[in-house]
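If you read the sequences in order, they're chains D and E. Mapping of the first sequence onto my numbering: residues 1 to 124, in sequence order. Mapping of the second sequence onto my numbering: residues 125 to 304, in sequence order. Glycine included, each C-beta is placed from N, C-alpha and C at the ideal position. For reference, the structure discussed in these notes is given below.
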Amino acid sequence: MTKITTTIEPISLGDELKDVRIVKFDGQLDETNVDIEAQKIYQIFTESKKKVVLIFDLSNLTYLNSKSIGYISDWNSKAIESSGKIFVACAHDNVMDVLRVVGLTNIIDFHLTVEEAKLSAMNV
Amino acid sequence: MRPVSGDGSTQSKPHAMGMIRPAQTSGDQNSEARITLTLPRNAYFMSGIRDFTLQMVMNMTGFSEQWAFRFQSVVDELCNNAIEHGSGPGTEIKATFISKPNESIEILVEDTQTGMVPRTAEDMRKILKDRLSEDHLQSTSIRGRGLAQIVYSWTDELKFEDREDSKGLRVRAKKYLSKS
């Protein structure tokens, strides 16, 4: 299996109606690991009773395949269903390139830093 | 939409399971190089294939780093499709890289058409045509973005061919340096 580590850190943005988490991927998301890692994200939607706001820190993600992009798109739909939103921050150029070619940049907010994404998340 | 049909190509000999190894290499630094890798039907090996693709395109072709990363995605998506849809347990897929320095890079991926739902070249042309006509921004599916949005967008020629021995599908994807 390709190496990947997913860390999920709850943070507070001063709004008790929101369940805000920073999700950080270290490694590569591909056919061998994405289904397993995806379940960790789906568990947030299953357990949370609040608006789910996810900030994906992609600073250490060096590759993602089309199925991974499909999952991000699905998580975005689930976040919107909960009246929340997802944000993507710190994507490498090659990762940003593939997200752009499939059109994800048209439906998800992208930021250069996690701090910028946090500021945007305060307005959800 | 540009043409997605194609003509015939060459065959390679089968290789042992459980290994990735170059089946055939040819060419010096400035001439056409052809490298064939045979790999078991297991996505486990794709990390190594991606690393190989990135280094080969950056070092042997004249393409930029951006296009090396793009071609890495193209190869990964095609091989994953061959593994998931085109190959049954115990079979192999074959990936052939054809590099013409300062001209083009091409990948041929061959499966054995032994997957759960065998697909012919004509089936694949129809699948691609259908996906290209969809509004991908409205897509709620996890799958279905690789071929139509990554491979098609980042190559200049995409051809589906039934292998001459009728034992599988071959997909050819080619990118010209002059169009990068």
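For D/Phe45, the secondary structure class from DSSP, reduced to helix, strand or coil, is helix.
Contact annotation: the segment 234–245 of chain E touches the segment 201–217 of chain E, with at least three C-beta pairs closer than 8 Å. Ranked by Cα distance from D/Phe87, the first of D/Asp57, D/Ser66, D/Leu64 and D/Val102 is D/Asp57.
Distance from the CA of E/Asn205 to the CA of E/Ser265, rounded to the nearest whole angstrom, comes to 16 Å. Chain-ordered, the chain D residues with CB closer than 8 Å to the CB of E/Gly270 read Asn65, Ser66 and Lys67.
Shortest Cα-Cα distance from E/Gln262 to any of D/Gly70, D/Val53 and D/Glu115 involves D/Gly70. For D/Val102, the C-beta contacts it makes with chain E under 8 Å involve His260, Arg269, Gln273 and Ile274, in order along the chain. Counting along the chain, E/Lys283 sits inside the beta strand (DSSP E) bounded by residues Glu281 to Asp286.
Scanning its chain for C-beta atoms nearer than 7 Å, with the 5 sequence neighbours on each side dropped, one finds around E/Gly186 the residues Pro225, Asn226 and Leu301, in chain order. Under the three-state reduction of DSSP output, D/Lys118 falls in the helix class. Counting C-beta atoms within 10 angstroms of its own C-beta, E/Lys283 has 16 or more neighbours from the protein chains shown and is therefore classed as buried. Neighbours of E/Phe176 across chain D, judged by C-beta separation under 9 Å, do not exist; the nearest C-beta is about 13 Å away. Legend: CB atoms of the segment 233–263 of chain E lying less than 9 Å from CB atoms of chain D belong to residues His260, Leu261 and Ser263.
The beta carbon of D/Val114 is closer than 7 Å to those of Ile22, Ile55, Asp57, Ala89 and Cys90 in its chain, skipping five residues each way along the sequence. Scanning chain E for C-beta atoms nearer than 9 Å to the C-beta of D/Gln28 yields Ser171 and Arg174, reported in chain order. Here E/Asn154 is exposed, its C-beta having fewer than 16 other C-beta atoms within 10 Å. E/Ser223 and E/Met184 have their C-alpha atoms roughly 7 Å apart. Less than 8 Å separates the beta-carbon of D/Gln28 from that of E/Ser171. In this structure, the beta-carbon distance from D/Val53 to D/Lys85 falls below 8 Å.
When the beta-carbon positions are compared, E/Glu234 and E/Leu163 stay at least 8 Å from each other. The three-state reading of DSSP puts E/Phe195 in helix, counting H, G and I together. For a Cβ distance threshold of 7 Å, nothing in chain D lies close to E/Gln179: the least Cβ distance comes to about 14 Å.
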